[in-house]
Each structure stands twice: as C-alpha cells, then as structure tokens.
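Protein chains in written order, with this note's numbering: chain P, 1 to 574; chain R, 1001 to 1574. Heads up: the structure comes next, in structure tokens.
2 protein chains.
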Amino acid sequence: MTVQTRAGVAARIDQALGDAPADLVIRNARVLDLTGGTPPDETVPGDVAVCGDRIVGIADSYRGVREIDAGGRFVVPGFIDSHLHCESTLVTPLEFDRCVLPRGTTTVICDPHEICNVLGTEGLEYFLAAADRTILDLRVQLSSCVPATHLETAGATLTAADLVRYRHNPHVVGLAEFMNFPGLLAKDPDCLDKIAAFEGAHIDGHAPLLSGKRLNAYLACGIRNCHETSSLAEGREKLAKGMQVLIRSGSVAKDIEALAPLITDFASPFLGFCTDDRNPLDIAEDGHMDYLVRRAIGLGAPVAATYRAASWSAARGFGLRDRGIVAPGYLADLLVLDDLETCRVARVIRRGQPVSAESFAGRAPLAVPGGNTMRRGAVRAEDLAVRASGPGTPVIGVLRGKIVTERRQADLPYSGGFRHADPARDLLKVAVLERHGKNGNIGRGFVQGFGIRGGALASSVGHDSHNICVLGDDDADMALAANRLIDLGGGFVAVRGGEVVAELALSIAGLMSDQPFETVTHKLELLRAAVGGMGCVLDEPFVQLAFLALPVIPHLKITDLGLVDVDRFELITE
Amino acid sequence: MTVQTRAGVAARIDQALGDAPADLVIRNARVLDLTGGTPPDETVPGDVAVCGDRIVGIADSYRGVREIDAGGRFVVPGFIDSHLHCESTLVTPLEFDRCVLPRGTTTVICDPHEICNVLGTEGLEYFLAAADRTILDLRVQLSSCVPATHLETAGATLTAADLVRYRHNPHVVGLAEFMNFPGLLAKDPDCLDKIAAFEGAHIDGHAPLLSGKRLNAYLACGIRNCHETSSLAEGREKLAKGMQVLIRSGSVAKDIEALAPLITDFASPFLGFCTDDRNPLDIAEDGHMDYLVRRAIGLGAPVAATYRAASWSAARGFGLRDRGIVAPGYLADLLVLDDLETCRVARVIRRGQPVSAESFAGRAPLAVPGGNTMRRGAVRAEDLAVRASGPGTPVIGVLRGKIVTERRQADLPYSGGFRHADPARDLLKVAVLERHGKNGNIGRGFVQGFGIRGGALASSVGHDSHNICVLGDDDADMALAANRLIDLGGGFVAVRGGEVVAELALSIAGLMSDQPFETVTHKLELLRAAVGGMGCVLDEPFVQLAFLALPVIPHLKITDLGLVDVDRFELITE
Chain P
1 MTVQTRAGVA
11 ARIDQALGDA
21 PADLVIRNAR
31 VLDLTGGTPP
41 DETVPGDVAV
51 CGDRIVGIAD
61 SYRGVREIDA
71 GGRFVVPGFI
81 DSHLHCESTL
91 VTPLEFDRCV
101 LPRGTTTVIC
111 DPHEICNVLG
121 TEGLEYFLAA
131 ADRTILDLRV
141 QLSSCVPATH
151 LETAGATLTA
161 ADLVRYRHNP
171 HVVGLAEFMN
181 FPGLLAKDPD
191 CLDKIAAFEG
201 AHIDGHAPLL
211 SGKRLNAYLA
221 CGIRNCHETS
231 SLAEGREKLA
241 KGMQVLIRSG
251 SVAKDIEALA
261 PLITDFASPF
271 LGFCTDDRNP
281 LDIAEDGHMD
291 YLVRRAIGLG
301 APVAATYRAA
311 SWSAARGFGL
321 RDRGIVAPGY
331 LADLLVLDDL
341 ETCRVARVIR
351 RGQPVSAESF
361 AGRAPLAVPG
371 GNTMRRGAVR
381 AEDLAVRASG
391 PGTPVIGVLR
401 GKIVTERRQA
411 DLPYSGGFRH
421 ADPARDLLKV
431 AVLERHGKNG
441 NIGRGFVQGF
451 GIRGGALASS
461 VGHDSHNICV
471 LGDDDADMAL
481 AANRLIDLGG
491 GFVAVRGGEV
501 VAELALSIAG
511 LMSDQPFETV
521 THKLELLRAA
531 VGGMGCVLDE
541 PFVQLAFLAL
551 PVIPHLKITD
561 LGLVDVDRFE
571 LITE
Chain R
1001 MTVQTRAGVA
1011 ARIDQALGDA
1021 PADLVIRNAR
1031 VLDLTGGTPP
1041 DETVPGDVAV
1051 CGDRIVGIAD
1061 SYRGVREIDA
1071 GGRFVVPGFI
1081 DSHLHCESTL
1091 VTPLEFDRCV
1101 LPRGTTTVIC
1111 DPHEICNVLG
1121 TEGLEYFLAA
1131 ADRTILDLRV
1141 QLSSCVPATH
1151 LETAGATLTA
1161 ADLVRYRHNP
1171 HVVGLAEFMN
1181 FPGLLAKDPD
1191 CLDKIAAFEG
1201 AHIDGHAPLL
1211 SGKRLNAYLA
1221 CGIRNCHETS
1231 SLAEGREKLA
1241 KGMQVLIRSG
1251 SVAKDIEALA
1261 PLITDFASPF
1271 LGFCTDDRNP
1281 LDIAEDGHMD
1291 YLVRRAIGLG
1301 APVAATYRAA
1311 SWSAARGFGL
1321 RDRGIVAPGY
1331 LADLLVLDDL
1341 ETCRVARVIR
1351 RGQPVSAESF
1361 AGRAPLAVPG
1371 GNTMRRGAVR
1381 AEDLAVRASG
1391 PGTPVIGVLR
1401 GKIVTERRQA
1411 DLPYSGGFRH
1421 ADPARDLLKV
1431 AVLERHGKNG
1441 NIGRGFVQGF
1451 GIRGGALASS
1461 VGHDSHNICV
1471 LGDDDADMAL
1481 AANRLIDLGG
1491 GFVAVRGGEV
1501 VAELALSIAG
1511 LMSDQPFETV
1521 THKLELLRAA
1531 VGGMGCVLDE
1541 PFVQLAFLAL
1551 PVIPHLKITD
1561 LGLVDVDRFE
1571 LITE
C-alpha cells in the first residue's frame, strides 16, 4: 500500500480543482472511454491532469508545470501483458523494460519459471530485485510448477513452503500458471498443497484443450485464467465457465487469429492479452501489446472492448485496482496514440513521468546470477544413437506456429539395432540432455515438421526444465551443436555440415543474454538466415525446438527421461 | 482468507469430475451467462454441482448427495446490495437477514453510520457482531463521516484513528460513503486524514450533483463509487470518469427510473444496484434487489447486463473476487428463478446451503446495545416558537420521491415577533431537537411539500445525527409528538388533533425496533394510513422527514443548529 499524507491528498485536490497547476498536463487529448459513459468507441475531449503518479482530472481544461500537447491525439491507459516469461525475450528484465515500455506496455505479469527451473529461489530473487528497478511495473508471479512435472529433470524444486514465503511480497500477485493440470486432476499431493496454500489468493491457469468436467475440476481449485486457449469453441467454453481468457500472440503461439471473435463489449472484462513467449526480433518487427491490439482490431474486434481487454480487464483479473482506465484517482500510466486502429504509440507516461532514454539510464544496476549453468561434460555422436527393437516408433508432429504437437507414427530407417533419422521424409532426430549436473540423462526421439537437411540446432532453452535440446539429421552435427552450446554457457547454436554457422550466447542461466536487446535481435536475424538456409520451414525453429520438451502441452513431447504421452501423462516405453 | 486443506481441494476435484457425488446438485438448470461465452442474454443448460460452499461444476450432468430439481428454471448468482444502511429497514441486522435473504440478496455492503452517529464504536461493534451471525454476508463499511458535518450535533465522533483500527477486520471492505464532500473539497484536515489513512483501500463515495473539476477532485482522492446519482447526464459523466454508479431504489430515492438507460453491455462492469434506505413495508410490497432487477428490465435494460450489475459488477467494485457469477470455483450463492424478466426468486442457496426458515432459527443470538438514547427532557409548545424579524424566510421545498430539496422563499404569517406555519399554502413548521444529551439545541424552520393539515409527525430517525425531527402545523401537536417519542425511547409518532394516532417504537438507538419485521411492517401500514388521513401527499413521509436533517444532500436542510445552505455549506443566519 502506498503511504499517503494529508499534504499529498490536499495537493491532488488543489490540482484537480485547478487551484494549483498540475504536475503534468496532456493538453488537447481525446480520451477513449473504456467505462461506458458515452456511446461505444467514443472519446472524451479535454486535458488530462496528473499530480505525482495519479491522474487527477480529465474532460476539462487544465494548466500544468509541465505540458504535453497531444494535438487532438488519443489517450489510452498503458497496456498490461497479462502473462509472459520475461526470459523468453532472451534479455535481462532491465533490457526487456527498455524494449517494451516505449511500445506502451506499462505493466507485465511475469512468471519467472524458466530461471527458477534452473536456479530455484535464486532466480525468483533475481526477478524481485529487477522489479525494484524497472520503470514498467514488473509483477512477479510465484512459479507453481518447478519442475513442471515428474517426467523430467529440472535444476531445482520449489515447494509450497518455498512459495508461501513470498506471497505478501509487494511485487507478487499470486501463484503463477498452474501448468501441471494433469498432476492436479490426479490429486498429486504437492499440487494439492500448493493450491491449498494459495486459497483465496490469485492463481493463474494453463489449461490447453481442457474441457467439460476436467475443466470444471481445474476451475473448482480456484484457478482463474488461461492463456493456452487456441480455438474459438475452447474460448467460449472457458468464458462461459468464468475463466478469464488471456489471448496470446507469442513468437510461436498466435492465438489471436482464432480468438478475436471472443472480443465483445459484454465479454471484454473477462479477456486479456498476453505474449507468453515472444522474442525481441518479433517485438522489433511487429510490436508487443500494441501488436495484439492492432491485430485484434484488424480482425474486426470492437475498438473500446479491445483497448479495455488490453488494460482494465487485465488489471481487474489480477486485482490491480489502481490502473487500467484514464480517470481521476487512477495511476497515470498513459499512452498518447496517433491512431486507435493502428495503435501507433507516440508517447508513454509511466506513473506520471514521460518515458525517454534517460528514464532507463537512471535505473539502479542489477547484478546477474553468476556461474556457468551448463553442468555436463561434452557429448559424443554415439551418445545420441537410438538403440531400438524395430523401425516403428511414435514421432512428434510439429505444427507451424503452434506449441501443441501431434502424435504420429512412423517406420524409420533401422539398421544394426539402431533407428536413424530420415531427412527425405523430414523425420529428424531430437535429443534432450540433462544439464543441471543431476544425472546426465539423455532422452532420444524423432520429430517431423522442421524441414531441416544437413544440419543441427541446439538450445539450452528447453521448456521448462531447460535441458539441452538438440535436433538434426546427423549425430555428429548434433553433438557439435550441443558441445558448442556447453562452451558458450548456454544459448542457441546452428551447425551445418560440421561447422557452427550461427550462435547466440545466453550466459545468464542458459536463458538470457547479458547484451542489449538490439544486439540479441541482430544475432537472431543471423540465426534465422542460417537455419533458413538448411531448408527449415518454421518461422521460429528455436522456439519450436524449446517447446518440444514441455510435457504439459499436448500431445507428444520429449524430456531427458524420454518421450512423453501428455494425454496419458506418462513416459512411453517400448 | 479461507484456510484450505489438501483434502478440501481433493474433495472439490472429486466432485467436479463426478468421481464422487457432489454435496448439492441443482439439476436441470439454465445458468444465465454473465461472462460472455455465449450470445447475449443466453443461458447454459445443465446441472450445477456444489462442494461445500463452492460451485464445482456447471454445464454438465452431475449427481448429488442432495439434489434440487430446477425443472428447466434459471439459475443466477445471489444479489449484492452495494450500499445500504441496515438501520433504515428499522429492524435489527438479524431481522434484516431474515427479511431480504429469501428475496435473493446474499451479500450486502452496509454502512452503519446511523447507529454510529448515536453510539460511536459501540454501534460499529454491534454490526460486526451481527456480521458473525447473519446467513447473508453482511459487509460492514467503516463510517467515514460521523458526524456527517460540523453543522450539526451527533451523539459520537469517529476519527481516522478510530476507523483504522478496524481496517483489517474480515467483515470490512473499506471506508463507507464519504458524504462530507464539501468538507473534503475544502481540505478539512479531518477529511484529509481519513482519506490518507485509507490510501490504496476501498473508499465509497457520495457525490450528489457533483460535476466537472469538483467531481475530478473528489475522485482524485481515490473514491470509487456513488449511489447518489439521480439524472442520466450525471450518471454518464460519473461513468466516463470511471466512477462506479450504484443505481438506487430506496423508499424515497428511486433513481432507477432515470438511470436505467445507463445499463448497457459495455458499461455494466461499472454499475451496481443498491437500496440505501428502504423500509420493510416497501420490501414486503415491492421487493429488495429483485425489485431493482425487475424494474430495470421493465425499463428496457438488457437482461444479462442487468443481472451482472446486480451481482458480479458489485462484487468487482468492492474487490470481492470470490462471488458474482455461477462458475466453478466461485461461492455457491445461487438463486433459482421462475423467470428472468419478472425476477421471481423461487429458491435461495447461500454458501451451498438452501435457505429456509430453519436457517435463521439456528443463528446465535445477538445482544442489543442497551439504554434509552433519547437523552433530553420533555419539550413545551413554546420551545418550538420561531422568533423572527419579519415574515420572509427560506423554506425547504420537498420533492416527492427525492431526498434532494429545493430552496424556496416565502412570506409566512407573522405576528407578535413570531413566524407561523401556513397549512393552507402547505407551509409547515419543522424542528430538530438535539437528543444525545450534549446541548439541548433546537433548530427551527419551515417546509413545503408534505400537505399535512391538523397534525404533527415526529421521528428519532433524522439523518445522520438522528436528532428528533418534528413537523406539523401546530406547536402543541408537535410537542406532544416529540414527547411521546422520548417516552418510547425513539421511533415514529403521528399526532392528530392533540392525540397520538399511530406510533412505532424504535428502542435500539432510536433507530431500530426489537420486533420481528412483520410487526414493524404492520405498524408502518398503520402509520401510513394515519398520516394519509392528515392529507399527506408523500408516499414515505417519515423517510422524507428524516432526510430533511441531512446537510450533505443539496440544497436546503435543517439541523439542531438551524437551516443549512448545503451549496454554500454553511448555516443560514438572519
């Protein structure tokens, strides 16, 4: 809670009444009405007066100590990214701040479960320390599923007791996405304990394709939202059951295309937008929350309902009662837009302060967690061989732009007691190598859908345990890629014909770069070109590779323990 | 916060999945969709399963330990009265519970400022003790303006320090209606202290006719809602400024007639319904929240938006995140309705328990605050004489069905240095007699609009200081009425031609009866008939009398200190 004084309240009254100049005035604005006092999609003309970090006046004429002339442009509340893993932007939280705040994202609800899977509470503490420093409001949810499941080896475990200690931290809203829905519905005791410990508090959901009584049971545990909705029918059922649908457009999962028809005046309080996993290349090229708003309107969603979903509805869903509309008494997180339809952000004001390059320069520095987290020795080509009893095997079918996979069946080339990749049919080998120094496990399998020939990709980002994921048509190239990755302390590596052709080091926990986001963007462009040169048909091959290891997304996945049938929630044994 | 156990969560999952029979099932229901998963005003067929106090399943088939067959009828969430003074029902909180819960009101946000003005924190403690016992959820806001203003004498004073002690009481949401808006806008230090002490917490508003920069300043203090909106233009401005408009229909103030057009799909999250002051006769004849819903729909409001305003929107506005929709994980406060348009409540379920006469019989008893609070001696007719310098005087113009008054001017009969009533022109005398044993003040004035001839009315309910309000065309009748009132320990008295013709004792703080609501209803009928017999043209003469003393409602009022010009916020001196 903010501490307020008699003088502080008096200053707000004086400035709102116009008896004293306001600290900041945005003159000649058109405030988009998100509360319904005017006809739909209408704007309210006038000045916006700000005292300290609060809006104190709209729809009237004001003078300010500092004034910005909006020249008749639009003013809307700052955007809220309702669910993301900051680590997926591949930069530090401070770089993320510098990357997305100028695009209008003033609040983010982040789940640091990537770094927590590697570093445990040290990762959580790193994000809480970052939240003290960022200009945008970085909310840190408590990662509920570290590890995500019992079907993989993570670097750390967070118990209910570990999490409850942080429940009342001012940067925390509640428990982060409860991904282990199969475990919860099977009444896994650790899952039940976490739900019980957060009764009455906020709990985020993750329920891809969940429906009927299983969805009822998940919601009955007090879970309130879902960012894993990919079809309209799924969205309608979740909405009708009171679940807030956080419409996503990440680097891979672009659910906005299917879900835009959900956005109506009536449903808008139960919607929100999120990026979940979006890399800086996509942010640079398409945008962040501004992209989601633009795309939703482009797909036919009503303007005010869309802006409401991007701000107030998200705030409401997380119990952030101080923000999300442009109205007296609310936080002065404000955007000046050239145009509502294209959502071109001309100016950003955060807590009453116009955002500029200097805003970021003034932040206190933040120490990064040290040490190489690639805790395994070099791998040999023969370690990746797949010994098997015959050619027939389940194969992971990758779908372009989706993190849900298909379970396919194929007969692979089989010789000498080993199965081999068959690049002619786009059947590549994939392996997951434990890298936390726990057991050195290697899970092996096959995947279809990448289209790569004559090369290999390796990534230390491998949701959510973040073991090394490596994929290719040649074991020697795969081993080279993995070993270069280990030398880098983590990152992305592309190998072609026995040579490393592109790479990005992610030295912080094997997840994040210590470089500026512009540098990371440039290296991603080089990686994209290199992988495209191998014939890859996916837009985001490294992100799709990283999601092959996430056994809480249907239907077939792979971890360091082997292939996982997500629907049965068990390992596949031959 | 509810404490939850592993077994408690497991039971919800089992019952939601249908692996165990649910504790309660409402079969063959049609759940009105308030979240927008279906087309507007549509219902979702299926059973509603309840485990303990929570809904665990909808839109599916369930079996229960206990089953209620809805026979295709509608199920909606319990109603929330978003602002009321329980004392205005003239019965104890436990009787109020028994009176309104069977009509579908499952949560009420009450401000006990009537009893607090008489008894101070003893009154607040009485309501908090009641909240431990009622079946409905009685939320007790902390009365922010005791006394309402400096222009009257109340029985007690509540300071910011007094109130902050109760801030974290589980029955408390926040600070009750901040009525003293003139004081706040004038930066009265006590007002500023209360606002500062509740920064970041919920603060209810009261802002009749406030507009423009003055409304901005009031909202800038963090005040979030208003139940004092009486015109559409006023409602639209408040909504556009983010203020939640709590549409009222009390015994006098019937704002729903003017405000129903505010109810749209888009605006509905920022609306709510309330009764403020509604007596048991009106509840018996017309209903409680069910009346507001019925009336709104009758006036053309969209059905789902109306039901949403009556439940979820109100819950949202007060941060009650556990209720307001019929969905898994939400509190099982459920109504079975015969029909949506007429809002006939067939069955009420509160926290998963069907409500019956036995529900109320099982409540723990509640001791009432003791002692006669009519702390003044008998009054003589000559004490009511109005000594004046001439015939011309401001007169309070009463408007039927409104608590806002007009300031009129009249020349009264004038003789011997005294002004007199003129019943032929409906100009009656009104007096307010201090009754808290503080100073024995008598404020005197004249009022137009009651239409009474040959009689007098007296009331110990006199908002908000609850001094004795007495009105009539004859000083002797007025004195008789006041003295009978003192003998009763408070109440309502009607005198005609020198005789008490009807009365109701309100022995608890001079505000509430210790009798069942049915008895009070009957006595109110007798009073209504008696006052009607005197020619009274108002539907609710005692309520309108009681509001003559409230100097935070424009435009002309009277307290024990004399006539108050509310617009100038000062006493009128000749």
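Positions of the beta carbon are idealized from the N, C-alpha and C atoms, including for glycine. Bear in mind that the values here come from a model prediction, so they are computed numbers and not experimental data.
Would a check of beta-carbon distances place residue i closer than 8 angstroms to chain P?
| i | result |
| --- | --- |
| Asn1028 of chain R | no |
| Glu1570 of chain R | no |
| Met1001 of chain R | Low per-residue confidence applies at Met1001 of chain R: pLDDT is 45, beneath 50, and the placement is therefore not dependable enough to give any value. |
| Gln1325 of chain R | Per the sequence shown, residue 1325 of chain R should be read as Ile rather than Gln. So yes, Ile1325 of chain R belongs to the interface. |
| Cys1274 of chain R | no |
| Gly1329 of chain R | yes |
| Glu1199 of chain R | yes |
| Asp1033 of chain R | yes |
| Gly1008 of chain R | yes |
| Phe1517 of chain R | no |
| Ala1016 of chain R | yes |
| Val1044 of chain R | yes |
| Leu1192 of chain R | yes |
| Gln1004 of chain R | yes |
Can you check whether the C-beta of residue i is within less than 8 angstroms of a C-beta belonging to chain R?
| i | result |
| --- | --- |
| Asp47 of chain P | no |
| Phe270 of chain P | yes |
| Asp60 of chain P | yes |
| Val56 of chain P | yes |
| Thr38 of chain P | yes |
| Arg133 of chain P | no |
| Asn117 of chain P | no |
| Thr264 of chain P | yes |
Do you know how far the Cα of residue j is from the Cα of residue i?
| i | j | result |
| --- | --- | --- |
| Phe198 of chain P | Gln141 of chain P | 12 angstroms |
| Glu1087 of chain R | Leu1550 of chain R | 16 angstroms |
| Leu412 of chain P | Ala530 of chain P | 27 angstroms |
| Ser61 of chain P | Thr1107 of chain R | 41 angstroms |
| Gly1057 of chain R | Asp14 of chain P | 52 angstroms |
| Leu1246 of chain R | Leu524 of chain P | 53 angstroms |
| Ala148 of chain P | His1227 of chain R | 48 angstroms |
| Phe1266 of chain R | Lys1238 of chain R | 15 angstroms |
Could you check how far apart the C-beta atoms of residue i and residue j are, in whole angstroms? I think they sit under 8 angstroms.
| i | j | result |
| --- | --- | --- |
| Ser1249 of chain R | Tyr1291 of chain R | 7 angstroms |
| Leu480 of chain P | Ile468 of chain P | Not confirmed; about 13 angstroms, so no contact. |
| Cys195 of chain P | Val1009 of chain R | With the sequence shown as reference, residue 195 of chain P is identified as Ile, and Cys is not the correct amino acid for it. That belief holds up - the Cβ atoms of Ile195 of chain P and Val1009 of chain R are roughly 5 angstroms apart, short of 8 angstroms. |
| Leu1034 of chain R | Leu1561 of chain R | Not quite, the Cβ-Cβ distance comes to about 48 angstroms (not below 8 angstroms), so this is no contact. |
| Gln1439 of chain R | Thr1153 of chain R | Position check: residue 1439 of chain R holds Asn in this sequence, whereas Gln was assumed. Sure, about 6 angstroms apart at Cβ, within 8 angstroms. |
In the region 220-241 of chain P, which residues sit with their C-beta less than 9 angstroms from some C-beta in chain R, listed in chain order? Ala220, Cys221, Gly222, Ile223, Arg224, Gly235, Arg236, Glu237, Lys238, Leu239, Ala240, Lys241
Looking at C-beta atoms only, is the number of pairs between the region 483-495 of chain P and the region 446-463 of chain P that lie closer than 8 angstroms three or more? yes
Between the region 1236-1251 of chain R and the region 67-86 of chain P, are three or more C-beta pairs nearer than 8 angstroms? Contact fails between the region 1236-1251 of chain R and the region 67-86 of chain P, because fewer than three Cβ pairs, one in each stretch, are under 8 angstroms apart.
So, do the region 1129-1147 of chain R and the region 1092-1112 of chain R have three or more beta carbon pairs nearer to each other than 8 angstroms? yes
Going along the region 1163-1190 of chain R in order, which residues come within less than 8 angstroms of chain P, judged by CB to CB distance? Those residues of the region 1163-1190 of chain R placed with their C-beta closer than 8 angstroms to a C-beta in chain P are Leu1184, Leu1185, Lys1187, Pro1189, ordered along the chain.
Just checking, does the region 280-290 of chain P make contact with the region 509-523 of chain P on the three C-beta pairs under 8 angstroms criterion? yes
Counting Cβ pairs, one atom from each stretch, are 3 or more of them under 8 angstroms apart for the region 544-563 of chain P and the region 375-389 of chain P? no
Report yes or no: do the region 298-312 of chain P and the region 350-369 of chain P share at least 3 C-beta pairs separated by less than 8 angstroms? no
Between the region 441-455 of chain P and the region 390-400 of chain P, do three or more beta carbon pairs fall short of 8 angstroms? yes
Do the region 429-440 of chain P and the region 374-385 of chain P make contact, defined as three or more Cβ pairs closer than 8 angstroms? yes
The region 1292-1323 of chain R: positions lying closer than 9 angstroms to chain P by Cβ: Within the region 1292-1323 of chain R, the residues whose Cβ lies closer than 9 angstroms to some Cβ of chain P are Pro1302, Ala1304, Ala1305, Arg1308, Trp1312, Ser1313, Arg1316, Gly1319, Arg1321, Asp1322, listed in chain order.
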